[in-house]
Amino acid sequence: MSELKQRRHFHATARVAAPPRSANRLHTALRHQHSVREDEPGHALEASRAVVSRMWRNFANRLRLTDAAGIAVAVTSAYLLRFDSDAAAPAGDGFEARYVVVSVLLLGGWLAVLEIFHTRDRRTLGVGGAEYKRVIQATLKLFGALAIAMVFVRFDALRGYFAVALPLGIVLLTGSRWLWRKWLNRKRSEGRYLSRVIVIGDRADVEYIISQFEKNPSAGYEISGVGLPTLDQSMELRPPWYRIPVVSTLADVSKAVELARADAVVVAGHVPGGSTYIRELGWNLEATGTELVLASSLTNVAGPRIHFRPVDGLPLVHVELPQYFGGKHVLKRVIDIAVAALALVALSPLMLVVALIVKRDSPGPVLFRQQRAGKNGAPFQMLKFRSMVETAEADLDALRELNEGCGPLFKIRNDPRISRCGRWMRKYSLDELPQLWNVLTGEMSLVGPRPPLPSEVERYERFTSRRLLIKPGITGLWQVNGRSTLPWEESIRLDLYYVENWSLTGDLIIMWRTFRAIRTSTGAY
2 MSELKQRRHF
12 HATARVAAPP
22 RSANRLHTAL
32 RHQHSVREDE
42 PGHALEASRA
52 VVSRMWRNFA
62 NRLRLTDAAG
72 IAVAVTSAYL
82 LRFDSDAAAP
92 AGDGFEARYV
102 VVSVLLLGGW
112 LAVLEIFHTR
122 DRRTLGVGGA
132 EYKRVIQATL
142 KLFGALAIAM
152 VFVRFDALRG
162 YFAVALPLGI
172 VLLTGSRWLW
182 RKWLNRKRSE
192 GRYLSRVIVI
202 GDRADVEYII
212 SQFEKNPSAG
222 YEISGVGLPT
232 LDQSMELRPP
242 WYRIPVVSTL
252 ADVSKAVELA
262 RADAVVVAGH
272 VPGGSTYIRE
282 LGWNLEATGT
292 ELVLASSLTN
302 VAGPRIHFRP
312 VDGLPLVHVE
322 LPQYFGGKHV
332 LKRVIDIAVA
342 ALALVALSPL
352 MLVVALIVKR
362 DSPGPVLFRQ
372 QRAGKNGAPF
382 QMLKFRSMVE
392 TAEADLDALR
402 ELNEGCGPLF
412 KIRNDPRISR
422 CGRWMRKYSL
432 DELPQLWNVL
442 TGEMSLVGPR
452 PPLPSEVERY
462 ERFTSRRLLI
472 KPGITGLWQV
482 NGRSTLPWEE
492 SIRLDLYYVE
502 NWSLTGDLII
512 MWRTFRAIRT
522 STGAY
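Numbering-wise, my numbering comes out as the position in the sequence shown, counting from 1, plus 1.
In structure tokens:
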């Protein structure tokens, strides 16, 4: 049977619910980018992968070129700005020759460690922090070896490399990788550089994985098929995933991998047969070269809290429990005080101008004080520049039926209570500047969960109150992932994730993303 007939047979035998409307582009069954012609005979799977492999090799070579350029700039800068006392020595003493040799060796060694640490692994490109982490680790270990060499080889000029080449190289390498990541994500949104995957598991787990892939297109996954081992006549995927071909047996999965030219099979959650099913699935995939990926049931747990501990072939996963006190929290408080104090001083002229505008725009106080729930539910007065008319609280009941928010939140996109200056203040979050005083007094933090109203806290469900385990923040994951456009359930999930997984590095990333969100006015109203 020709490949084209096989593919038609696969579509005909797969369980696909009749679509009442067009399906989501991401989930159109068996889309094939950069593949061989469907009617070509022979090893179509290998040929298709050869095309994809060549595409990724070309991308890796581009990374190598920009890495080499960045390292060359860093090393050359260290050479030109050398700091040792012999910099003015005559060339005849061999100083210049030694410096050139060291520069060339450092350039080659730097490129080599980037290869050794797999900094261009396609599985880390475009998403997550593993790519940047590997680049920085490779660089630091190279310079660690260089520091050890300085102990045995007296060449003081090496200090210039630590002072110039090391920091400049890290900045240039991570900066160029960031630019390439933006380019790669744009290409992925156009349907290129995607990994075709088949997802296997219980229907609910499969639909959750598909929804996560859809919300994170930068991950680079394209759903080519679904395997439901418990498939029966009443089982089908819900919209908008009704066009995805569904198979059940291991033989069907293996055939689907071949016909869909899948790059990976993702096992989502529990499958009948457990480890035996997964082991047999791995055996079936060996000949195809398809990756086997296990989706962990440990959702909303950050990587640093997860540790693997193998015991005689049994892979145990150790999950660290979240800590709500200790040295990290003390350091977070020190940073809050320092940044809030400096920001209040630096932004005081701007805050004065905003205060005058609010006063002249509409009658009422400049500052709006509202009781919010802080750490452990302790009430405090949160400060904001008043962005609504003075009678906003009294007018609330008349607008209840227009509520566009989910859960206990009240949101209207074009709230008539907002004053003229209030709209542009909210657009750029200028109304929240007085909360720096709340941070300075210890009632809030720079980064944290959204500060809830006491009325919200009264309606919290079983686990939602965990948001109150740490101080609320001026910004947080909710602020950089949609702000006012986020559904209630998603904002709760993001806040709980932050509470249990926060880190100082994560806070810096959130603050950086906050500036970007404010600049683009994303989700503000």
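Every residue gets a Cβ at the ideal spot worked out from N, C-alpha and C, and that includes glycine. Here the structure is a predicted model, which means the values were calculated and not measured.
Check each candidate in Tyr100, Asp122, Tyr461, Ser466 and name the one with the smallest Cα separation from alanine 61. Asp122
Enumerate in chain order the residues of its own chain whose CB-to-CB distance from isoleucine 210 is below 7 Å, with the five nearest sequence positions on each side excluded. Val200, Val267, Ala269, Ala296
Would you list the one or two residues that DSSP bridges to proline 380? Ala374
Below 8 Å on the Cβ atoms is my contact criterion, and I expect arginine 468 with leucine 505 to pass it. Report the Cβ-Cβ distance as a whole number of Å. Actually they do not touch by this definition, with Cβ atoms about 20 Å apart.
Less than 8 Å between the CB atoms is what I'm expecting for alanine 70 and alanine 166, so what's the real figure, rounded? No, alanine 70 and alanine 166 are not in contact; Cβ-Cβ is about 14 Å, not under 8 Å.
Would the region 343-351 and the region 510-519 be scored as touching if the rule is three or more Cβ pairs under 8 Å? no
Just mark alanine 30 as buried or exposed, buried being the case when its beta carbon has 16 or more other beta carbons within 10 Å. Here the model assigns alanine 30 a pLDDT of 40, short of 50, so the residue's position is not dependable, and the following value carries that caveat. By the neighbour-count definition (other C-beta atoms within 10 Å, threshold 16), alanine 30 is a buried residue.
Could you tell me the distance, in whole angstroms, from the CA atom of valine 440 to the CA atom of serine 446? 5 Å
Exposed or buried, what is glutamine 138 when buried is set at 16 or more other beta-carbons lying within 10 Å of its beta-carbon? exposed
For valine 440, report the span of its alpha helix (DSSP H) as first-last. 436-441
With DSSP collapsed to three states, give me the class of leucine 315. strand
Valine 294 - partner residues in DSSP beta bridges: Val267
Excluding the 5 residues preceding and the 5 following proline 125 in the sequence, name in chain order all residues of the same chain whose CB lies nearer than 6 Å to its CB. One point to set straight first is that residue 125 is threonine, not proline, in the sequence displayed. So the qualifying residues of the chain are Ala131, Glu132.
Looking at valine 128 and alanine 261, is the spacing between their C-beta atoms short of 8 Å? Between alanine 261 and valine 128, the C-beta spacing is not below 8 Å.
Once you ignore the five residues that flank proline 364 on each side, which residues in its own chain have a CB closer than 7 Å to its CB? Glu391
Would you check if the distance between the CB atom of alanine 265 and the CB atom of valine 340 is smaller than 8 Å? Not in contact: alanine 265 and valine 340 (Cβ atoms no closer than 8 Å).
Counting pairs of Cβ atoms below 8 Å between the region 419-436 and the region 453-472, do you hit three or more? no
Short of 7 Å in beta carbon distance, which residues of its chain neighbour arginine 463, apart from the five on each side in sequence? Order them along the chain. none
Spell out the partners DSSP gives tyrosine 222 in its beta bridges. Ser196
Can you name the start and end residues of the alpha helix (DSSP H) that threonine 515 belongs to? 505-521
Entirely within the region 107-179 and at least 4 residues each: give me those alpha helix (DSSP H) ranges in chain order. 131-153
Closest Cα partner of glycine 443 within the set Val318, Met383, Glu191: The shortest Cα separation from glycine 443 among Val318, Met383, Glu191 belongs to Met383.
I'd like to know whether the C-beta atoms of serine 448 and threonine 476 end up nearer to each other than 8 Å. As written in the sequence, residue 448 is valine, which differs from the serine given in the question. Taking 8 Å as the Cβ cut-off, valine 448 and threonine 476 qualify as a contacting pair.
Could you pull the start and end residues of the alpha helix (DSSP H) that isoleucine 336 belongs to? 328-362
Are the beta-carbon atoms belonging to glutamine 372 and proline 380 less than 8 Å from one another? yes
Between which two residues does the beta strand (DSSP E) containing serine 456 stretch? Careful: serine 456 lies outside any beta strand (DSSP E), inside the alpha helix (DSSP H) at 455-459.
Comparing alpha-carbon positions, which option in Leu108, Arg182, Val136 lies nearest leucine 115? It is Val136 whose Cα lies nearest to the Cα of leucine 115.
Mapping DSSP to helix, strand and coil, what is isoleucine 201? strand
Report all residues from its chain with a CB closer than 6 Å to the CB of threonine 521; omit the five preceding and five following residues, and keep chain order. none
Rounded to whole angstroms, what's the CA-CA distance from glycine 110 to leucine 143? Just pull it up for me. In a straight line, the C-alpha of glycine 110 is about 8 Å away from that of leucine 143.
Alpha carbon to alpha carbon, how far is valine 331 from aspartate 432? Give it in angstroms, no decimals. 28 Å
If I follow the unbroken alpha helix (DSSP H) through valine 448, where does it start and stop? Run containing valine 448: none in the alpha helix (DSSP H); it sits in the beta strand (DSSP E), 446-448.
Report the three-state DSSP secondary structure of glycine 283 (helix, strand or coil). helix
8 Å Cβ cutoff met for serine 225 and alanine 263: yes
Would isoleucine 307 and valine 318 qualify as a contact pair, given that the criterion is a beta-carbon distance under 8 Å? yes
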